[in-house]
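These notes are about the structure you will find just below.
2 protein chains.
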Amino acid sequence: MRICILGGDGYLGWPTAMHFSARGHEVVAVDSMVKRYWEAVVDVAPLEPTPLLQGRAAHWYKKTGKVVEVVIGDIATDPGLLHRLFRDYQPDVIVHYAEQPSAPYSMMNQNAAIHTQQNNIIGNLNVMFAMHDYCPQAHLIKLGTMGEYGTPNIDIEEGWIEIEHKGRKDRMLYPKKAHSLYHLSKVADSNNLEFGCRIWNLAVTDLNQGVVYGIDTLEMGKDPELRTSFHYDDIFGTVLNRFVVQAAVGSPLTVYGNGGQTRGYLNIQDTLQCVELAALHPAKAGEFRVFNQFTEQFSIMDLAKKVQKVSLLYDLDVTISHLPNPREEMEQHYYHAIHTGLPELGLQPHHLTDEVIAHMLDRAICAKETVRSVGLLPRVTWKHGMDDKGITGVVRE
Amino acid sequence: MRICILGGDGYLGWPTAMHFSARGHEVVAVDSMVKRYWEAVVDVAPLEPTPLLQGRAAHWYKKTGKVVEVVIGDIATDPGLLHRLFRDYQPDVIVHYAEQPSAPYSMMNQNAAIHTQQNNIIGNLNVMFAMHDYCPQAHLIKLGTMGEYGTPNIDIEEGWIEIEHKGRKDRMLYPKKAHSLYHLSKVADSNNLEFGCRIWNLAVTDLNQGVVYGIDTLEMGKDPELRTSFHYDDIFGTVLNRFVVQAAVGSPLTVYGNGGQTRGYLNIQDTLQCVELAALHPAKAGEFRVFNQFTEQFSIMDLAKKVQKVSLLYDLDVTISHLPNPREEMEQHYYHAIHTGLPELGLQPHHLTDEVIAHMLDRAICAKETVRSVGLLPRVTWKHGMDDKGITGVVRE
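Sequences listed follow chains X and S, in order. For reference, each letter of the first sequence is one residue, going 0 to 396 in numbering that gives the first Met the number 0. For reference, each letter of the second sequence is one residue, going 0 to 396 in numbering that gives the first Met the number 0.
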């Protein structure tokens with residue numbers, strides 16, 4: 000297949016590019032590099048130095064003889080980029096990761112919030128329009144998030160729900176109550192895409208992904224030239240990745256509130272598996288197909304205790320610190336999300352075993368000299384933004 | 000009360016400004032004038048010349064001694080504008096009309112679609128952020144649209160719905176399946192605002208308005224210097240307004256498809272009444288309150304036949320022309336929308352009588368020499384955009 004990966008420089012984008020390339024598919028990876036700018040703005044860096052996309056693709060070619068084509072450009076601000084690319088390349092599959100991926104970033108201040116929704120919503124619209132005009136048969140695989148749903152008191156279905164109301168019925172889009180302005184940008188994307196399927200007959204799979212953890216995939220192994228960007232900070236670090244690094248450096252695991260918040264989680268290797276399964280079993284023309292993409296549910300305290308337990312084997316004295324919750328969210332709630340679609344396509348989950356945590360901890364311990372204290376504690380609250388600068392980022396008179 | 004009207008130059012914005020001003024409230028009207036640019040882009044103009052906001056406010060003062068303050072600025076591209084305004088003016092009520100208001104405009108081509116979602120979503124976010132920092136006690140009255148809901152097979156509730164699913168219950172946001180990228184921009188606004196209420200304790204009333212018709216209000220009467228912009232074209236003209244002008248000039252009434260499409264409608268005078276009722280009975284801090292703002296339901300054919308009937312009194316020979324539907328929508332469907340919230344606050348509807356249509360027809364006949372043929376027929380299809388230029392607006396090679 001001809002596969003176009005948008006956001007190819009990212010934590011998931013680059014591993015996905017290698018995954019498809021290794022299996023003999025033609026891959027083009029597109030990125031604007033803007034996430035590296037966002038990292039600088041919030042003063043964070045990945046755990047280990049991460050080569051640029053161009054260098055990783057060159058190294059991949061040297062090592063395997065396989066080509067990942069690289070296109071540097073911004074799908075949100077240059078609509079013509081995708082016109083040219085889709086016209087000339089005629090992808091069978093478009094995997095769209097090219098979004099600002101952080102909830103705290105979106106809640107930092109007005110400028111970052113605006114940038115998040117503009118980048119994500121407009122970029123996604125540009126994908127839809129370019130598909131409509133240049134590759135209407137292609138299958139779009141769009142990365143969404145379980146955080147779009149919030150924490151409803153009923154089961155979370157896969158994107159759609161049959162509602163019976165006053166004696167009548169309809170199949171409706173599942174009502175969402177998202178957790179941040181970042182998550183809301185993804186809700187808007189999903190709604191725009193469902194419209195694109197309905198009106199233009201596009202074929203779309205929306206993958207509402209849980210929280211991803213993990214440091215490497217089969218294709219990158221231990222090769223430092225093929226690494227992906229592993230974040231442990233308060234802005235771009237997902238929670239388990241952050242806990243592992245906090246454990247490695249002897250910093251308390253930062254649990255927000257009582258830690259009863261329950262979410263879906265998955266190993267980065269399963270992200271690749273899920274995206275591949277979606278690509279091999281595409282949505283039909285006109286179908287807006289939604290999968291909830293995670294393998295296990297945990298509360299934050301479950302994760303903290305798992306990391307604490309494995310750390311004992313390393314003689315690390317790991318404490319758990321309950322911080323006032325910087326987010327606005329329920330800390331005890333019902334949570335049951337259906338996730339049968341991807342297993343039905345053949346997903347074989349990698350579960351979160353002690354060995355998986357130990358493997359991550361090994362890497363974090365090796366790199367611990369480079370860990371910075373910035374971002375080990377949360378800096379953004381949902382009520383007041385980054386530190387005390389106010390949510391608009393304006394210094395008041 | 001101190002009332003800030005965003006979009007004060009528009010069809011509804013200016014009449015709302017006069018309505019509140021006439022009742023002794025302090026009013027500031029904000030507009031970027033960008034809609035006058037959009038009108039030029041699509042080659043349309045209102046039925047009668049419409050003075051600029053500044054001139055109408057000056058004439059209003061001369062005539063009544065009452066001040067409508069005018070601020071020219073763009074809330075979507077200048078976030079600082081609302082910081083300064085809300086800080087200095089401290090509004091009690093913000094009425095937010097400042098959005099690109101046309102579904103066909105949003106479906107014209109990629110550029111117009113992007114502009115619509117960017118203008119509407121980012122402008123609305125800027126309102127939320129400026130409220131958060133400078134007037135968190137103010138009550139935001141946001142104009143939404145019934146078109147956000149689409150045409151579900153169950154009753155449309157007012158913004159929220161109690162869902163029972165697999166033996167559990169929750170009160171959820173009503174699931175929406177909007178009719179165009181314009182309507183989707185309003186869905187995104189509603190979702191962002193509900194989040195603002197939840198997280199920042201904002202007080203918001205979201206008015207999901209039906210299709211507005213009507214040419215004047217009490218305050219403007221027949222004074223040409225106080226007119227509002229009445230559109231009859233395919234882009235900015237609402238359906239009844241368009242039918243009346245088509246009848247006046249002897250052009251067939253353009254019914255899309257079989258005309259079974261049913262929607263909620265209201266008189267422009269009732270828009271003012273509804274917004275006033277919402278202002279006098281504000282939402283509570285933290286409350287995202289939704290009203291469905293219309294007074295009667297009609298199908299397109301109902302309206303065409305009403306206009307045809309009244310036209311007989313004027314010896315006008317009015318025919319009804321069924322065009323291939325340029326939109327993607329159901330032409331026969333269940334439609335029952337609850338709209339009890341505003342009547343409970345005291346709304347006294349102006350119904351669509353023959354006299355109301357006759358009054359509009361009088362005005363249209365007076366102005367008929369200025370009516371242009373451009374826009375009497377639809378130029379935008381949901382599948383292909385404006386004419387044959389393709390939905391991206393790019394001339395293909």
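Glycine included, every Cβ here is placed at the ideal spot set by N, Cα and C. As the structure is a computational prediction, the values presented were derived from the model and not from experiment.
Across which residues does DSSP place residue i in a beta bridge pair?
i	result
aspartate 91 of chain S	Partner(s): none; aspartate 91 of chain S has no beta bridge.
asparagine 291 of chain S	S:Asn207
aspartate 169 of chain X	X:Ile162
methionine 385 of chain X	X:Val379
isoleucine 4 of chain X	X:Ala28, X:Val94
lysine 141 of chain X	X:His95, X:Asp205
phenylalanine 297 of chain X	X:Arg262
serine 189 of chain S	DSSP output for serine 189 of chain S lists no bridge partner at all.
tyrosine 255 of chain X	X:Leu322
Can you pull the chain S neighbours of residue i, defined as C-beta to C-beta under 8 angstroms?
i	result
valine 186 of chain X	Ala187, Asn190
aspartate 154 of chain X	His164, Lys165, Arg167
glutamate 327 of chain X	Arg197, Ile198
alanine 177 of chain X	Asn190, Phe194
Taking DSSP as the reference, what is the three-state secondary structure of residue i?
i	result
tryptophan 159 of chain X	strand
aspartate 404 of chain X	Any answer about residue 404 of chain X is impossible in this case: the structure gives chain X only from 0 up to 396.
isoleucine 198 of chain X	helix
alanine 75 of chain S	coil
arginine 378 of chain S	coil
tyrosine 212 of chain S	strand
arginine 262 of chain S	strand
histidine 338 of chain S	coil
glutamate 68 of chain S	strand
glutamate 396 of chain S	Because the pLDDT at glutamate 396 of chain S is just 47, under 50, the model does not fix this residue reliably, and the point stays unresolved.
histidine 82 of chain X	helix
serine 101 of chain X	coil
isoleucine 113 of chain X	helix
isoleucine 390 of chain S	coil
tyrosine 231 of chain S	coil
proline 60 of chain S	For clarity, residue 60 of chain S is tyrosine in the given sequence; the question names proline instead. Three-state result, tyrosine 60 of chain S: helix.
lysine 308 of chain X	helix
methionine 329 of chain X	coil
proline 14 of chain S	helix
valine 244 of chain X	helix
arginine 226 of chain S	coil
lysine 175 of chain S	coil
valine 370 of chain X	coil
I want to see whether chain X comes within less than 8 angstroms of residue i, judged by CB atoms only; does it?
i	result
glutamate 113 of chain S	Looking at the sequence shown, residue 113 of chain S is not glutamate but isoleucine. It does; some Cβ of chain X falls within 8 angstroms.
proline 174 of chain S	yes
lysine 141 of chain S	no
phenylalanine 85 of chain S	no
glutamine 347 of chain S	no
methionine 145 of chain S	no
methionine 171 of chain S	yes
Using a cut-off of 7 angstroms between C-beta atoms, extract the partners of residue i located in chain X.
i	result
methionine 385 of chain S	Going along chain X, no residue has its Cβ under 7 angstroms from methionine 385 of chain S, so there is no contact; the nearest lies around 13 angstroms.
Can you pull the chain X residues whose beta carbon is under 9 angstroms from the beta carbon of residue i, in chain order?
i	result
leucine 271 of chain S	Neighbours of leucine 271 of chain S on chain X: none; closest Cβ ~31 angstroms, over 9 angstroms.
Mind listing the chain S neighbours of residue i? Cutoff is C-beta to C-beta under 7 angstroms, in chain order.
i	result
leucine 201 of chain X	In chain order: nothing, as chain S lies at least about 12 angstroms away.
tryptophan 381 of chain X	Ile198
Does any CB atom of chain B fall closer than 8 angstroms to the CB of residue i?
i	result
phenylalanine 287 of chain S	Of the protein chains in this structure, namely X and S, none is chain B.
Against chain S, with Cβ distances strictly below 8 angstroms, would residue i count as a contact?
i	result
proline 151 of chain X	yes
tryptophan 59 of chain X	no
isoleucine 93 of chain X	no
leucine 5 of chain X	no
tyrosine 10 of chain X	no
leucine 351 of chain X	no
phenylalanine 128 of chain X	yes
isoleucine 160 of chain X	yes
leucine 183 of chain X	yes
Practice prompt. Can you give me, in chain order, the residues of the region 67-83 of chain S that have a beta carbon less than 9 angstroms from any beta carbon in chain X?
Written response: Against chain X - using a Cβ distance shorter than 9 angstroms - the residues of the region 67-83 of chain S are Pro78, Gly79, His82.
Worksheet entry | Interfacial residues, the region 114-125 of chain S to chain X, with Cβ spacing under 8 angstroms | Residues passing the 8 angstroms Cβ filter: Gln116, Gln117, Ile120, Ile121, Leu124, Asn125.
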